[in-house]
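Student:
Numbering (our numbering), first residue to last: 2 to 404.
1. Taking the runs of the beta strand (DSSP E) that are 3 residues or longer, which of them lie wholly in the segment 8-60?
2. With DSSP as the reference, label residue 328 as helix, strand or coil.
3. Do you know offhand how far residue 267's Cα is from residue 56's?
4. What are the start and end residues of the alpha helix (DSSP H) that includes residue 393?
5. How many Å lie between residue 395 and residue 173 at the Cα?
6. Among 232, 389, 131, which residue has its Cα nearest to the Cα of residue 214?
7. Helix, strand or coil for residue 262? Go by DSSP, reduced to three states.
8. Are there 16 or more other CB atoms within 10 angstroms of the CB of residue 196, so buried, or fewer, so exposed?
9. Are the beta-carbon atoms of residue 119 and residue 62 separated by less than 9 Å?
10. Helix or strand or just coil, what does DSSP make of residue 400?
11. Around the C-beta of residue 75, are 16 or more other C-beta atoms found within 10 angstroms, so that it is buried, or is it exposed?
12. Would DSSP call residue 205 helix, strand or coil?
13. State the Cα-Cα distance for the pair residue 68 and residue 311, rounded to the nearest angstrom.
14. State the start and end residues of the unbroken beta strand (DSSP E) segment that holds residue 273.
15. Helix, strand or coil: how does DSSP classify residue 363 here?
16. Measuring alpha carbon to alpha carbon, tell me which of 3, 393, 26, 25 ends up nearest residue 210.
17. Could you check whether residue 184 and residue 18 sit closer than 9 Å to each other, using their CB atoms as the reference points?
18. Please report the Cβ distance between residue 294 and residue 238, rounded to the nearest whole angstrom; I am assuming they are in contact, meaning their Cβ atoms lie under 8 Å.
19. Measure the beta-carbon distance from residue 277 to residue 336 and round it to whole angstroms, keeping in mind my assumption that it falls under 8 Å.
20. Residue 341 by DSSP, collapsed to three states: which one?
21. Counting C-beta neighbours from all protein chains within 10 Å, is the total for residue 401 16 or more, i.e. buried, or is it exposed?
22. Suppose the cutoff is 6 Å on Cβ atoms and the five residues either side in sequence are ignored; what does the same chain contact list for residue 216 look like?
23. Taking three-plus beta-carbon pairs below 8 Å as touching, is the segment 375-389 in contact with the segment 236-252?
24. So, is residue 203 buried or exposed, given that buried needs 16 or more other C-beta atoms within 10 angstroms?
25. On the DSSP bridge assignment, give the partners of residue 368 in chain order.
26. Write down every uninterrupted run of the beta strand (DSSP E) in the segment 168-253 whose length is 3 residues or greater and which is fully enclosed by it, in chain order.
27. Could you tell me whether the segment 247-260 touches the segment 285-304, where touching means 3 or more Cβ pairs closer than 8 Å?
28. To the nearest angstrom, how far is the alpha carbon of residue 143 from that of residue 45?
29. Cutting at 7 Å between CB atoms, please list the residues of its own chain near residue 284, excluding the five before and the five after it.
30. Between which two residues does the alpha helix (DSSP H) containing residue 353 stretch?
31. Let's test the definition: count the other Cβ atoms within 10 Å of the Cβ of residue 177 and tell me whether it reaches 16, buried, or not, exposed.
32. Going by CA-CA distance only, name the one from 29, 52, 313, 234 that's closest to residue 292.
33. Here's the rule I'm using: 16 or more other beta-carbon atoms within 10 Å means buried, otherwise exposed. How should residue 16 be labelled?
34. From the DSSP output, read off the bridge partner residues of residue 322.
35. Under a three-way DSSP split, which group does residue 118 fall into?
36. Kindly list the residues whose CB is nearer than 8 Å to the CB of residue 296, restricted to its own chain and excluding five residues on each side of it in sequence; keep chain order.
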């Protein structure tokens with residue numbers, strides 16, 4: 002029985018996808034749920050798993066093809082096994098059979114990002130020792146494998162390679178690389194935000210002395226109890242939600258001439274990946290504890306960097322927080338994430354001299370920025386929102402008492 006493999010349903014906001022990499026070829030044996038092909042959309046890379054076990058048929062949409070929801074990709078002859086060549090080698094002898102299962106198993110323990118790295122450098126996955134859970138191969142394992150391969154003395158390479166010609170003085174080269182779909186979509190949305198919204202940015206600064214004190218005091222017990230580190234982002238999420246309760250328009254969006262007020266808080270957290278920025282969403286963040294927030298952010302970050310974020314994870318959102326401080330940014334003007342009407346920017350924490358009660362003291366300070374759509378948010382509301390965030394972070398008891 003032949004089973005058709007089609008492009009999965011794409012959300013309305015995603016028109017089509019591009020076939021990036023086939024991991025199986027016609028005639029290969031496949032196992033149910035094994036990844037067959039990667040599809041790149043405007044937002045994420047999707048894996049298409051095998052619906053049944055069997056033998057892969059002809060590939061209908063090859064690498065680089067543009068496909069839409071429901072388009073056929075290939076077929077699988079269910080229940081069949083891949084035919085062995087007539088001159089196939091005999092079964093492995095006892096001295097090698099104990100190695101074969103390990104190699105075959107390791108070859109399947111690849112996340113999309115690791116698989117791409119292996120294929121990019123033409124490596125044999127079965128030769129790479131995995132140090133992850135259950136022998137899973139990580140990026141660090143691939144890099145270590147390549148480092149070992151490049152560790153031989155330079156003299157060995159010199160025996161088979163002629164000396165490279167010296168560079169020509171004044172030579173100028175350039176390389177033209179097409180944008181990925183994700184990068185092109187990011188560029189499109191940024192231009193859209195600039196051209197459709199009346200964006201304005203307000204700034205304030207926050208003294209994080211008390212937040213840092215709480216983190217230092219409860220760091221070990223928090224991690225022991227919840228299995229995750231207590232970071233700064235959870236405090237900012239909670240402070241932002243409390244501020245939006247008082248200024249609901251910050252959590253609103255504009256549709257035509259209507260302002261849509263949301264009575265829930267789906268907070269997007271910007272995460273940087275190799276392919277670009279993605280914004281997974283904390284659904285109903287108002288119902289989350291600090292531990293819930295930290296666990297969700299940590300899970301999203303790991304999945305995003307392994308290329309395992311799904312479309313549902315990044316769709317929607319009523320407000321976004323981005324932290325340029327992790328890259329050393331001291332101050333910036335974040336850009337809106339349409340159709341949201343506001344985005345909060347965090348920045349680097351710097352020890353600076355501050356006047357406190359008539360004395361100059363050194364305090365850990367952070368500039369915060371709120372970019373907002375001036376069509377529906379007035380400057381007064383934006384400034385008061387930032388002030389409330391500042392007050393909540395400088396006196397974290399406010400987050401518990403909701404005052």
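Where is the CB? At the ideal position from N, CA and C, for every residue including glycine.
Tutor: In short, the structure shows the following:
1. 18-23, 36-41, 46-50, 55-57
2. helix
3. 43 Å
4. 380-395
5. 53 Å
6. 232
7. coil
8. exposed
9. no
10. helix
11. buried
12. strand
13. 18 Å
14. 272-274
15. strand
16. 393
17. no
18. 5 Å
19. Between residue 336 and residue 277 the Cβ distance is about 14 Å, and since that is not below 8 Å, they are no contact.
20. strand
21. exposed
22. 231
23. yes
24. buried
25. 206
26. 200-208
27. no
28. 23 Å
29. 267
30. Note, residue 353: premise wrong, no alpha helix (DSSP H); beta strand (DSSP E) at 351-357.
31. exposed
32. 234
33. exposed
34. 270, 345
35. helix
36. 227, 228, 229
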